[in-house]
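Residue numbers (the working numbering), protein chains in the order written: chain A, 173 to 622; chain B, 173 to 622. Just so you know, even glycine gets a beta-carbon here, dropped at the ideal spot from N, CA and C. One structure below.
Number of protein chains: 2
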Amino acid sequence: MAFKITASFLEKLIGLINENKDSEIKKLFSEIHYADVAEVLEEVSFDEAIYIIKLLDSEKTSEILTELDDDIREIILENLSAKEIAEEVEEMDSDDAADIIGELSEERQERVISALEDDELVADIKELLSYEENSAGALMAKELVKVYETWTVAGCLRRIRAQAKEVTRVHSIYVVDREEKLIGRLSLKDLIVAKNEQKISEIYIDKVDVVNVNEEEEEVAKIMAKYDLEAIPVVDNRNVLLGRITIDDIVDVLKEEADKDYQLAAGLTQDVDSDDSILELTRARLPWLFLGLIGGIGAFLIMEGFEDAFKGGAFVLFFFTPLIAAMAGNVGVQSSAIIVQGLANDDVKGSINSRLLKEMLLAALNGVILALFLFVFVWITKGDIQTALAISVSLVVVIIVAGLIGTFVPLFLNKRGIDPAIATGPFITTSNDIFGILIYFMIAKFILGI
Amino acid sequence: MAFKITASFLEKLIGLINENKDSEIKKLFSEIHYADVAEVLEEVSFDEAIYIIKLLDSEKTSEILTELDDDIREIILENLSAKEIAEEVEEMDSDDAADIIGELSEERQERVISALEDDELVADIKELLSYEENSAGALMAKELVKVYETWTVAGCLRRIRAQAKEVTRVHSIYVVDREEKLIGRLSLKDLIVAKNEQKISEIYIDKVDVVNVNEEEEEVAKIMAKYDLEAIPVVDNRNVLLGRITIDDIVDVLKEEADKDYQLAAGLTQDVDSDDSILELTRARLPWLFLGLIGGIGAFLIMEGFEDAFKGGAFVLFFFTPLIAAMAGNVGVQSSAIIVQGLANDDVKGSINSRLLKEMLLAALNGVILALFLFVFVWITKGDIQTALAISVSLVVVIIVAGLIGTFVPLFLNKRGIDPAIATGPFITTSNDIFGILIYFMIAKFILGI
Chain A
173 MAFKITASFL
183 EKLIGLINEN
193 KDSEIKKLFS
203 EIHYADVAEV
213 LEEVSFDEAI
223 YIIKLLDSEK
233 TSEILTELDD
243 DIREIILENL
253 SAKEIAEEVE
263 EMDSDDAADI
273 IGELSEERQE
283 RVISALEDDE
293 LVADIKELLS
303 YEENSAGALM
313 AKELVKVYET
323 WTVAGCLRRI
333 RAQAKEVTRV
343 HSIYVVDREE
353 KLIGRLSLKD
363 LIVAKNEQKI
373 SEIYIDKVDV
383 VNVNEEEEEV
393 AKIMAKYDLE
403 AIPVVDNRNV
413 LLGRITIDDI
423 VDVLKEEADK
433 DYQLAAGLTQ
443 DVDSDDSILE
453 LTRARLPWLF
463 LGLIGGIGAF
473 LIMEGFEDAF
483 KGGAFVLFFF
493 TPLIAAMAGN
503 VGVQSSAIIV
513 QGLANDDVKG
523 SINSRLLKEM
533 LLAALNGVIL
543 ALFLFVFVWI
553 TKGDIQTALA
563 ISVSLVVVII
573 VAGLIGTFVP
583 LFLNKRGIDP
593 AIATGPFITT
603 SNDIFGILIY
613 FMIAKFILGI
Chain B
173 MAFKITASFL
183 EKLIGLINEN
193 KDSEIKKLFS
203 EIHYADVAEV
213 LEEVSFDEAI
223 YIIKLLDSEK
233 TSEILTELDD
243 DIREIILENL
253 SAKEIAEEVE
263 EMDSDDAADI
273 IGELSEERQE
283 RVISALEDDE
293 LVADIKELLS
303 YEENSAGALM
313 AKELVKVYET
323 WTVAGCLRRI
333 RAQAKEVTRV
343 HSIYVVDREE
353 KLIGRLSLKD
363 LIVAKNEQKI
373 SEIYIDKVDV
383 VNVNEEEEEV
393 AKIMAKYDLE
403 AIPVVDNRNV
413 LLGRITIDDI
423 VDVLKEEADK
433 DYQLAAGLTQ
443 DVDSDDSILE
453 LTRARLPWLF
463 LGLIGGIGAF
473 LIMEGFEDAF
483 KGGAFVLFFF
493 TPLIAAMAGN
503 VGVQSSAIIV
513 QGLANDDVKG
523 SINSRLLKEM
533 LLAALNGVIL
543 ALFLFVFVWI
553 TKGDIQTALA
563 ISVSLVVVII
573 VAGLIGTFVP
583 LFLNKRGIDP
593 AIATGPFITT
603 SNDIFGILIY
613 FMIAKFILGI
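Structure below.
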């Protein structure tokens, strides 16, 4: 089943495009899944991609467009007329349609919407565009199968046949009362197993998980993952059924969320991938590197401040600053990552104080083990027990402080409503570098009595 | 809908347990979703958790057990007899049943299996346990709805009513030939829309995505996410239908995968969370910290090696080693993270050489911008243009080398079939610290002509 893009496939395709062999190109793509076609379009030139999109049927291209990388889709949409975009959009589910139209400039949005022929779709799209970004409302689709509690099973099956044509997958049948308020659900299975003359009100399940239309998409993802749901109905504050969210959209939300946290931890500010231009990658990387540079300058200033104190006998102390900085950074990243991940999974319970106490004990344990090793190393190589002691004791303190900072900062940010993931990576390593080196010299100075 | 564990709820629950008010405890839990009950069990003591599990009906506890954290489930299972575990397992889908039994010691596995009364389940569990860990076979469930191509729609609906009782959710109906080979699929919707007397062979869809039973679960997750599938049938090498994998299991695979990559990037060796014991957390953290310590000692040895050269006039060079190390580490983590994420998303195309060239240009651009800033800073504060030049030029070279290492190592590991995610985090920062500082002193020595 797996389709792989090969060099020979691309060569053949580009050859066919150059010779305008339209019917052969159509035939070539007829057997290929739209998700694979989207990948092909990411491999050819923009002109070739636009050529292919204009050539294929809108039934297929509408699916391809929803799968495409944002950057490429933007360029393709720029090269389609409002009418052509409207044709694509009419083939889409309302959620995908609203997403695509939402990417256009306001002026083009209006032109595309007025080119749409399906009034119901226009109303749906306008409604979906009105919800806040990253809310359940912006994520949901309007297409769903809905029955009234007063219907019979037979009547239901008849009407569902009509409704179901518009809905790609029927997960649940939602049961509403006369005021369109959600009161329960049914599965197709339940309906098939029931007797024809039964009323829906007799057989529906009145327990149904719902989300409010203003709920954040991350929260929806958590709920759906936790309760193993494949679709969830979306209601307004009065419990009126507005739409539904399906698990495939949630898979995308979870992946984006994971990618974002990973990138923040690695010191990348925006959503980039390895195929982006050097300029885009620089924009994502340079700010964090600059932060690191400022941290390094801070470390330099601290060391310069201690120059006179240690230039004489305890010169060797300067040679351990990369070690101290590295340990402070590593411990900080470890402890912040555990907290960030715990917060993301709603796993962090108890007070901040108990967390800090635990991290202190943990860091102390790790610190003492590592410091013992370092003590023996310095003592043997330098033969100076006092220097060895100064370096080792400060290492323990630095590790404890780094662990506390790494634990406290994400918890603090989370309390303030700021995404704690920004606390990992360069932010924590840079601040821990500076604190670590400062603490190190202060303690060493004290122990050596300089 | 959202159930929140409150202190007063826990207090009430523990009070009821202490007074052995079993019926009230049952009532308390009757309205709570099993995923929430699992969270409650993670908050109470082991004895209390075991008490609750033994009290509730196995229909509910079987679901709770599958949702529980591994650590707690292990302890609960240890406190249940083989017969009690068998009762739980009989309520589960085959995939969950096999997972739970797979966690037991071999001797207990046999005892539980021989206590099972359902022969079909025994056969299913034995089959599922025989597949390699993290393969499609180990992930799939045996429960599915299967019809033969020779059946009629009416006959199908009748038989599906029987089969469907065992299957929690009917995603697709799989169509097989006489040899049990998968030849296509149908949705319940298609079946409802079809006429009663039609043959399945006339209406089934012969395009069906499948995975081989030996496929890796990560690959299955990629396929299902890419093609927006909610269930995928699993076949053997002869295309015989063996089972199916549903999207909720894939959501778990994706989350685990993301968590693992994130933890590796943060320097944590095994799957830990913030509630684990200090000992477990130390086991996850100490090895990477030790690696960092070794790196720091390496940096110390390099600096000592250059002590005589720079102790005189260019003493200030030592004060910039934390800066150099931090920049080398940050650049390495950034470039390796982009590659690791690209590999995970199958986004990295083209040759290693073209990647390295791009990274070199990118690192050079970033490096020159940062080095210019540093040059001006050192020149102004130290008033020595030669030192400023030495430090800045080496910074550019260090950044380029760090970027190349960060790009090359994950690509190389991936080619060798090793998970590239281990290349991020402490591994890359430590090696880049050492290389960075070495390059820095060598270039500075050359420029200053010492």
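Below-7 Å beta-carbon distance, I450 of chain A vs any chain B residue
With 7 Å as the cut-off, I450 of chain A counts as an interface residue toward chain B.
Between L623 of chain B and N411 of chain B, is the Cβ-Cβ spacing less than 7 Å?
Residue 623 of chain B falls outside the range modelled here, since chain B spans only 173 to 622, and no answer is possible.
For I209 of chain A, which residues of its own chain have a beta-carbon under 7 Å away from its beta-carbon, when the five flanking residues on both sides are left out?
Looking at the sequence shown, residue 209 of chain A is not Ile but Val. Correct list, in chain order: F201 and I236.
Sorted by chain position, which residues of the same chain lie with C-beta nearer than 8 Å to F547 of chain B's C-beta, five sequence neighbours on each side aside?
A560, L561, I563 and S564
Taking C-beta pairs closer than 8 Å, name the residues in chain C that L537 of chain B reaches, listed in chain order.
Within the model displayed, chain C is absent; protein chains A and B are what it includes.
So, is the C-beta of L360 of chain B closer than 7 Å to a C-beta in chain A?
yes
Looking only at C-alpha atoms, which of B:L288, B:P494 and B:V503 sits nearest to G597 of chain A?
It is B:V503 whose Cα lies nearest to the Cα of G597 of chain A.
At least 3 beta-carbon pairs within less than 8 Å: the stretch 424-435 of chain B vs the stretch 434-444 of chain A:
yes
Are the C-beta of P598 of chain A and some C-beta of chain B separated by less than 7 Å?
yes
So, A313 of chain B versus G415 of chain B, is the Cβ gap smaller than 7 Å?
yes
Contact set between the stretch 489-511 of chain A and chain B, restricted to residues whose Cβ is under 7 Å from the partner:
Listed by position, the residues of the stretch 489-511 of chain A near chain B (Cβ gap below 7 Å) are F490, F491, F492, T493, P494, L495, A497, A498, M499, N502, V503, V505, Q506, A509, I510 and I511.
Less than 7 Å between the beta carbons of V383 of chain B and A310 of chain B, yes or no?
no
Return the chain-ordered ranges of every beta strand (DSSP E) run that is complete within the stretch 398-482 of chain A and spans a minimum of 3 residues.
403-407 and 413-418
Could you round the C-beta distance between I273 of chain B and V261 of chain B to whole angstroms and report it? I think they count as a contact, below 8 Å.
Contact holds; Cβ gap of about 6 Å.
Sequence-distant residues of its chain with Cβ nearer than 8 Å to G514 of chain B (five each side left out):
V520
Could you have a look at D358 of chain A and say whether DSSP puts it in helix, strand or coil?
Going by the sequence as given, residue 358 of chain A is Leu instead of Asp. Three-state result, L358 of chain A: strand.
Would you say K398 of chain A reaches chain B, if we count a Cβ-Cβ gap shorter than 7 Å as a contact?
yes
Assuming contact is defined by CB atoms lying nearer than 7 Å, are V570 of chain B and A500 of chain B in contact in what I supplied?
yes
With distance defined between alpha-carbon atoms, name the residue in B:T233, B:A595 and B:F491 nearest to A438 of chain A.
B:A595
Shortest alpha-carbon distance to R330 of chain B belongs to which of A:G555, A:S266, A:A456 and A:I364?
A:I364
Tell me which residues share the same chain as T233 of chain B and place their Cβ nearer than 7 Å to its Cβ, disregarding the 5 neighbours each side in the sequence.
I225 and E260
To the nearest angstrom, how far is the alpha carbon of F584 of chain A from that of V294 of chain B?
Approximately 51 Å between the Cα atoms of the pair.
For my contact list, V216 of chain A and I186 of chain A are in at a C-beta cut-off of 8 Å; report their separation, rounded to the angstrom.
7 Å
So with CB distances below 8 Å, who are the chain B contacts of W460 of chain A?
The answer, in chain order, is N502 and Q506.
Quick check: L128 of chain A and L495 of chain B, are their CB atoms within less than 7 Å of each other?
Outside the shown range of chain A, which is 173 to 622, sits residue 128 of chain A, and nothing can be said about it.
By the criterion of Cβ-Cβ separation under 8 Å, what are the contact partners of V444 of chain A in chain B?
I510
Within the 7 Å Cβ cut-off, does L311 of chain B reach chain A?
no
Would S446 of chain B and I577 of chain A qualify as a contact pair, given that the criterion is a beta-carbon distance under 7 Å?
In this structure, S446 of chain B keeps its C-beta atom at 7 Å or more from the C-beta atom of I577 of chain A.
Report buried or exposed for F178 of chain B, applying the criterion of at least 16 other Cβ atoms within 10 angstroms of its Cβ.
Residue identity differs from the one stated: residue 178 of chain B is Thr in this sequence, not Phe. So T178 of chain B ends up on the exposed side.
Excluding sequence positions up to five away, which residues of its chain have a Cβ less than 8 Å from the Cβ of F580 of chain A?
I524 and L528
For V348 of chain A and K318 of chain A, which I take to be in contact (beta-carbon distance under 8 Å), what is that distance rounded to the nearest angstrom?
6 Å
Assumed close pair F175 of chain B, F492 of chain A - CB separation to whole angstroms, cut-off 8 Å
The Cβ separation is near 52 Å, so there is no contact.
Using CA atoms only, rank isn't needed, just tell me which of B:G467, B:D591 and B:T553 is closest to D605 of chain B.
Shortest Cα-Cα distance from D605 of chain B to any of B:G467, B:D591 and B:T553 involves B:G467.
Mind checking the stretch 609-621 of chain A against chain B and listing, in chain order, the residues whose C-beta falls within less than 9 Å of any C-beta there?
I609
Reduced DSSP secondary structure (H/G/I, E/B, other) of K318 of chain A
strand
In the structure shown, what three-state DSSP assignment does E277 of chain B receive?
Before going on, a small fix: residue 277 of chain B reads as Ser here, not Glu. DSSP places S277 of chain B in coil when its eight states are reduced to three.
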